[in-house]
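Participant: Below is the structure I would like to discuss, written out as structure tokens.
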Amino acid sequence: MNDDVPSYEALPRIEKLGLPHSWDHFGRGDTLGTLNLLTTEKVAAAAHAVTTGEVIALSLAVNQPDPPLFGREPVRHVQFDVDRNTKDDRLDNYFPQGSSQWDGFYHVRAREFGFFGGVEAAVDPTDADLGIQTWARRGIVGRGVLLDVQAYLVANGHPGIPCDEEFTISADLLREVAESQDLRVEQGDILIIRTGWPAAYADRPHDADSVTAIPGLHAGEDTARLLWDWHVAAVVTDLPAVEPVPGDPAIGSLHRRLLPMLGIPLAELFDLEALSAACARAGRFDFLFTAAPLPLQGAAGSPGNALAIL
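Under our numbering, think of the first position of the sequence shown as 11, with each following residue one higher.
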């Protein structure tokens, strides 16, 4: 991999898709994408962001959101006695991408051009080199930076981001939030975007109708360009799908732009409420971020399993 990251405009494109890709920058056969930007030097520097030692877990409960989204069934936790002195647990209907989660490179395909790097899915998951296990082997550790979009909007007289409307967060809004926080996004940062979605969803009446629209980052090229040119290592959100649902086919898919084309890992449904409060108290928005994805061979995703350390 060349250490000099090209600009978005300098990347080669697949003309049939109209989308740029980073496959040749990272090298064919690469399984990490922009996680390659988390160099040992970047990890060591990120440790200097720890000043108070406060540790904040970033995962929702395994049974959240409740009710589940996208047709998933609720997880069932069964606890049983192994013998008179020992208990064990079993999870039924457990979807690794049902709660706080990472979307791996086998999650979304660039149509007939394959997954990240042009790789086709393995018939046998145990042969899947592009599975989440490659991220699990190295871990995800670096400087986390929080863009608190919800706090910015509320502070500027906006009622906040609704949980059940296709509210769109533009690239310009992300820039505004960063500027308002006096935050400079640096190469290799793990970008964390808070909208307050899980809390808003939890506050809905439990018997309310299913959510048919969800807010998210604008799915167009401006967003992809910003994220690539910021040279982030990953994008973490508290949203169910990163981008709006159901979306607009005329705009396209942000998942397709970022995962199979640019190789930018995505995370969804993280619990960012305590992190937001801690950053506001401290008056700073950077910290050490760590995550240990599930080492499940060939998997398309993983539970989030992340911490922020201030």
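Each residue gets a CB set at the ideal place from its N, CA and C atoms; glycine is no exception. Since we're looking at a predicted model, the values are computed, not measured.
Among Y162, E122, G170, V242, which residue has its Cα nearest to the Cα of T49?
Facilitator: Against the sequence shown, residue 49 aligns to sequence position 39. Closest option to T49, Cα to Cα, is V242.
Participant: Near V129, what residues of its chain come up, given a Cβ to Cβ distance below 6 Å and the 5 sequence neighbours on each side ignored?
Facilitator: Taking the first residue of the sequence shown as position 1, residue 129 is located at position 119. For V129, where only same-chain residues beyond five positions count, the Cβ hits under 6 Å are L140.
Participant: Keeping to the same chain, check which residues put their C-beta closer than 8 Å to that of P75; ignore five residues upstream and five downstream.
Facilitator: Stepping through the sequence shown from its first residue, residue 75 is reached at position 65. The residues are S109, P208, Y211, A212, P250, L279.
Participant: At the level of alpha carbons, what is the spacing between G257 and I224?
Facilitator: Numbered from its first residue, the sequence shown carries residue 257 at position 247. Numbered from its first residue, the sequence shown carries residue 224 at position 214. One C-alpha to the other measures close to 9 Å.
Participant: Measure the beta-carbon distance from A244 to G149 and round it to whole angstroms, keeping in mind my assumption that it falls under 8 Å.
Facilitator: The residue labelled residue 244 in the question sits at position 234 within the sequence shown. The residue labelled residue 149 in the question sits at position 139 within the sequence shown. Wrong, their Cβ atoms sit about 12 Å apart, outside the cutoff.
Participant: Skipping 5 residues on each side, what residues in its chain have a beta carbon closer than 6 Å to that of T62?
Facilitator: Taking the sequence shown and counting its residues from 1, one reaches residue 62 at position 52. So the list reads L320, once near-sequence residues are dropped.
Participant: May I have the straight-line CA-CA distance separating E25 from V118, to the nearest angstrom?
Facilitator: Residue mapping note: residue 25 aligns to position 15 of the sequence shown, counting from 1. Residue mapping note: residue 118 aligns to position 108 of the sequence shown, counting from 1. Straight-line Cα distance between these residues: approximately 19 Å.
Participant: Ignore the nearest five residues each way along the sequence and tell me which others in P172's own chain have a CB closer than 8 Å to its CB.
Facilitator: The residue given as residue 172 occupies position 162 in the sequence shown. Excluding positions up to five away in sequence, the list reads A210, P225.
Participant: Can you confirm whether the segment 52–66 touches the segment 152–161 when touching is taken to mean that 3 or more C-beta pairs between the two stretches lie within less than 8 Å?
Facilitator: Short answer: they touch.
Participant: May I have a chain-ordered list of the beta strand (DSSP E) segments no shorter than 3 residues that lie completely inside the segment 89–142?
Facilitator: Within the segment 89–142, the complete beta strand (DSSP E) runs of at least 3 residues are 96–102, 111–113.
Participant: Quick check: what's the CA-CA separation for D137 versus E175?
Facilitator: For the purposes of this step, residue 137 is taken as the residue at position 127 of the sequence shown. For the purposes of this step, residue 175 is taken as the residue at position 165 of the sequence shown. The alpha-carbon atoms of D137 and E175 are separated by roughly 40 Å.
Participant: Using the C-alpha atoms, what's the distance from G28 back to I202?
Facilitator: Along the sequence shown, read from residue 1 onward, the residue named residue 202 stands at position 192. Along the sequence shown, read from residue 1 onward, the residue named residue 28 stands at position 18. Whole-angstrom Cα-Cα distance: 27 Å.
Participant: Confirm, please, whether the CB-CB distance from F105 to R269 is below 8 Å.
Facilitator: For the purposes of this step, residue 269 is taken as the residue at position 259 of the sequence shown. For the purposes of this step, residue 105 is taken as the residue at position 95 of the sequence shown. Here the sequence assigns Leu to residue 269, which means Arg is not the residue at that position. No.
Participant: Would you be able to state if there are at least three C-beta pairs under 8 Å between the segment 85–95 and the segment 39–53?
Facilitator: No, the segment 39–53 is not in contact with the segment 85–95.
Participant: Can you give the beta carbon distance from V159 to I179, rounded, assuming they're within the 8 Å contact cut?
Facilitator: Residue mapping note: residue 159 aligns to position 149 of the sequence shown, counting from 1. Residue mapping note: residue 179 aligns to position 169 of the sequence shown, counting from 1. The Cβ separation is near 6 Å, so the contact holds.
Participant: May I ask you to report which of helix, strand or coil DSSP gives R38?
Facilitator: If you number the sequence shown from 1, residue 38 lands on position 28. Coil at R38, not helix or strand.
Participant: Suppose you measure from the CA of N166 to the CA of T41; what does that come to, to the nearest Å?
Facilitator: The count along the sequence shown starts at 1 and reaches residue 166 at position 156. The count along the sequence shown starts at 1 and reaches residue 41 at position 31. The straight-line gap from Cα to Cα measures roughly 41 Å.
Participant: For W112 and R291, I'd like the C-alpha separation in whole angstroms.
Facilitator: In the sequence shown, residue 112 corresponds to position 102, counting from 1. In the sequence shown, residue 291 corresponds to position 281, counting from 1. Rounded to whole angstroms, W112 to R291 spans 28 Å at the Cα level.
Participant: Please work out which residues of its chain come closer than 7 Å, Cβ to Cβ, to E83, disregarding the five sequence neighbours upstream and downstream, and give them in chain order.
Facilitator: What you label residue 83 is simply residue 73 of the sequence shown in a count that begins at 1. Same-chain partners within the cutoff: N103.
Participant: In this structure, how does DSSP classify H87 when only helix, strand and coil are distinguished?
Facilitator: Within the sequence shown, the letter at position 77 stands for residue 87. Strand at H87.
Participant: Return the bridge partner residues of E278 from the DSSP annotation.
Facilitator: Your numbering for residue 278 matches position 268 in the sequence shown. For E278, which the question treats as bridged, DSSP gives the partners Q111.
Participant: List the endpoints of the continuous alpha helix (DSSP H) containing T233.
Facilitator: What you label residue 233 is simply residue 223 of the sequence shown in a count that begins at 1. Element bounds for T233: 231–239.
Participant: In the DSSP assignment, what residue or residues form a beta bridge with P30?
Facilitator: Along the sequence shown, read from residue 1 onward, the residue named residue 30 stands at position 20. Partner(s): R23.
Participant: Expressed to the nearest angstrom, what Euclidean distance is found between the alpha-carbon atoms of D34 and K97?
Facilitator: Residue 34 sits at position 24 when you count from the first residue of the sequence shown. Residue 97 sits at position 87 when you count from the first residue of the sequence shown. Rounded to whole angstroms, D34 to K97 spans 51 Å at the Cα level.
Participant: Which term fits E253, buried or exposed, when burial requires 16 or more other beta carbons within 10 angstroms of its beta carbon?
Facilitator: The sequence position of residue 253 within the sequence shown is 243, counting from 1. Looking at its Cβ environment, which holds 16 or more other Cβ atoms inside 10 Å, E253 is buried.
Participant: Can you tell me which of the three DSSP states T222 falls into?
Facilitator: As a first step, residue 222 is located in the sequence shown; it is residue number 212 there, counting from the start. In this structure, T222 counts as coil in the three-state DSSP scheme.
Participant: What residues in its chain sit with their C-beta under 6 Å from that of L236, if we drop five residues either side in the sequence?
Facilitator: The residue you call residue 236 lines up with position 226 of the sequence shown. Hits under 6 Å: A181.
Participant: Identify which residue in A55, L304, R214, A277 has its Cα closest to the Cα of A146.
Facilitator: Looking up residue 146 in the sequence shown gives position 136. Nearest option by C-alpha distance: L304.
Participant: For A310, collect the residues of the same chain with a Cβ closer than 6 Å to its Cβ; drop the 5 residues on either side in sequence, then sort them by chain order.
Facilitator: On the sequence shown, position 300 is the one that residue 310 refers to. Within the same chain, A310 has close Cβ partners G114, Y116, H117.
Participant: Using the Cα positions of R266 and D93, report the straight-line distance between them to the nearest angstrom.
Facilitator: Here residue 266 is taken as the residue at index 256 of the sequence shown, counted from 1. Here residue 93 is taken as the residue at index 83 of the sequence shown, counted from 1. Cα-Cα distance, rounded: 49 Å.
Participant: Go ahead and pull the three-state DSSP assignment for T300.
Facilitator: Position 290 of the sequence shown, counted from the first residue, corresponds to residue 300. Strand at T300.
Participant: How many Å lie between R38 and A131 at the Cα?
Facilitator: To locate residue 38, count along the sequence shown from 1; it is residue 28. To locate residue 131, count along the sequence shown from 1; it is residue 121. Distance between the alpha carbons of R38 and A131 is about 15 Å.
Participant: DSSP three-state call for P78: helix, strand or coil?
Facilitator: Working through the sequence shown from its first residue, we reach residue 78 at position 68. Coil.
Participant: By alpha-carbon positions, which one of L306, W240, V187, R294 ends up nearest to P16?
Facilitator: If you number the sequence shown from 1, residue 16 lands on position 6. For the residues L306, W240, V187, R294, the minimum Cα distance to P16 belongs to W240.
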